[in-house]
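Chemist: Residue numbers (the working numbering): 2 to 155. C-beta: ideal position from N, C-alpha, C; glycine also.
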Ligand SMILES: [Mg+2]
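#1: By alpha-carbon positions, which one of 16, 66 and 103 ends up nearest to residue 52?
#2: With hydrogens ignored, establish whether the beta-carbon of residue 144 is closer than 7 Å to any heavy atom of ligand 1.
#3: Going by other Cβ atoms of all chains shown within 10 Å of its Cβ, with 16 needed for buried, is residue 29 buried or exposed?
#4: Along the chain, where does the alpha helix (DSSP H) containing residue 95 start, and where does it finish?
#5: Can you check whether the CB of residue 47 is closer than 8 Å to the CB of residue 25?
#6: Can you pull the DSSP bridge partners for residue 71?
#7: Determine the contact status of residue 3 and residue 64, defining contact as a CB-CB distance below 8 Å.
#8: With distances taken from CA atoms, which of 61, 5 and 12 is nearest residue 154?
#9: In whole angstroms, what is the alpha-carbon distance linking residue 133 and residue 117?
#10: Tell me the DSSP secondary structure of residue 140 in three-state form.
#11: Considering only residues of the same chain and omitting the five flanking positions on each side of residue 19, which have a CB-CB separation below 7 Å?
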């Protein structure tokens, strides 16, 4: 039976390979946004999933009440729409798919209630999250396998 506990999953650096999007931007545009690459219009739709992340997300969704919790740059309005496009493209568009209407974009992740937040950074409220912050990409949780083990489904 599905665990009723809530798990939040970040996008960039957890489900999404941010650098793969940057690499698809023409160098002249990259130069124009040097140091502010996250403000390049359209870029967030061009990113690849992190290997294994989509399967892991499905598995977590089968076992927990699972939501995506991401932040989009304030100075890049297209990133907000690119993120829902990405989720629809890679996780699914219809009601039967695990991320259907389960995408929250916030700069204040600490305001959301839940048991776990899988996030590669402490920013945007992750550090203040009231549940357990599973700090993705650290020595303790270097990859999805280690996260799945923590959640008891690895
Ligand atoms: Mg992130």
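Modeler: The relevant details are as follows:
#1: Position 51 of the chain shown, counted from the first residue, corresponds to residue 52. Nearest of 16, 66 and 103 to residue 52, Cα basis: 16.
#2: As a working mapping, residue 144 is identified with position 143 in the chain shown. No, the Cβ of residue 144 stays beyond 7 Å of every heavy atom of ligand 1.
#3: In the chain shown, the residue the question calls residue 29 occupies position 28. When all chains shown are included, residue 29 counts as exposed.
#4: On the chain shown, position 94 is the one that residue 95 refers to. Element bounds for residue 95: n/a, residue is neither H nor E.
#5: Position 24 of the chain shown, counting from 1, holds the residue named residue 25. Position 46 of the chain shown, counting from 1, holds the residue named residue 47. Against a cut-off of 8 Å, the Cβ pair of residue 47 and residue 25 comes out as a contact.
#6: By 1-based counting over the chain shown, the position of residue 71 is 70. In the DSSP secondary-structure assignment, residue 71 is bridged to 106.
#7: Start at 1 with the first residue of the chain shown, and residue 3 comes out as number 2. Start at 1 with the first residue of the chain shown, and residue 64 comes out as number 63. Taking the C-beta atoms as reference points, residue 64 is found nearer than 8 Å to residue 3.
#8: Position 153 of the chain shown, counting from 1, holds the residue named residue 154. Of the listed residues, the one whose Cα sits closest to residue 154 is 61.
#9: For this step, residue 133 is matched to residue 132 along the chain shown. For this step, residue 117 is matched to residue 116 along the chain shown. For residue 133 and residue 117, the distance between alpha carbons rounds to 5 Å.
#10: Within the chain shown, residue 140 is the residue found at index 139, counting from 1. Three-state DSSP puts residue 140 in coil, outside helix and strand.
#11: Within the chain shown, numbered from 1, the residue matching residue 19 stands at position 18. 13 and 48.
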